[in-house]
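Residues in the sequence shown are numbered from 8 upward in steps of one, following this note's numbering.
By construction, the Cβ of each residue, glycine as well, lies at the ideal position given by its N, Cα and C atoms.
As the structure is a computational prediction, the values presented were derived from the model and not from experiment.
So the structure is just underneath, and the comments pick up after that.
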Amino acid sequence: MDWRRWAALGVAVGVLGACEEKIREPGEPPRPVRVKEEPPPAALSSTPLPERVATPGTRFEAVDAAAAGLTFKHRWSDDPKHQQEFTGPFSGGGVAVGDYDGDGRPDVFLTRPGGGGRLYRN
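What follows is the structure in structure tokens.
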């Protein structure tokens with residue numbers, strides 16, 4: 008089954024799921040929703056978190072991007088024909104941090120409107 012059939016099936020399920028048993032008259036309030044209330048499971052318990060203690064010393068350190076190996080630059084095009092592209096929502100870049108290669112260390116992906124993105128593997 009190709010994606011178009013799956014999409015059509017999803018739309019049909021969504022439309023049918025939104026239907027009511029009967030059509031309400033204009034001005035008629037919606038029928039009440041009945042929710043079955045059950046007590047929480049006995050295995051569920053609540054314990055307070057331990058009190059937080061401030062850690063002395065520096066927790067974050069400012070590191071120069073070039074020293075860390077990040078050479079990516081977000082450049083703007085001076086070409087007038089691209090000026091329209093760089094106004095509004097298209098002018099920004101993006102950053103995503105995640106474990107791309109599964110080694111347990113965060114990798115960085117940077118984007119820009121022109122010139123493509125770059126992945127920095129940690």
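Check                                                                                                                                          : Outcome
Of the residues Asp106, Pro113 and Thr78, which one's Cα is nearest the Cα of glycine 124?                                                     : Thr78
Starting from leucine 126 and walking both ways along the beta strand (DSSP E), at which residues does that stretch end?                       : 125-127
Can you pull the DSSP bridge partners for threonine 118?                                                                                       : Gly101
Determine contact between the segment 110-120 and the segment 65-82, defined as no fewer than three beta-carbon pairs at a distance below 8 Å. : yes
Is DSSP giving valine 18 helix, strand or coil here?                                                                                           : helix
Is arginine 31 helix, strand or coil when you go by DSSP?                                                                                      : coil
Is the beta carbon of arginine 119 sitting closer than 9 Å to the one on glycine 100?                                                          : yes
Measuring straight from C-alpha to C-alpha, what distance separates leucine 16 and valine 42?                                                  : 29 Å
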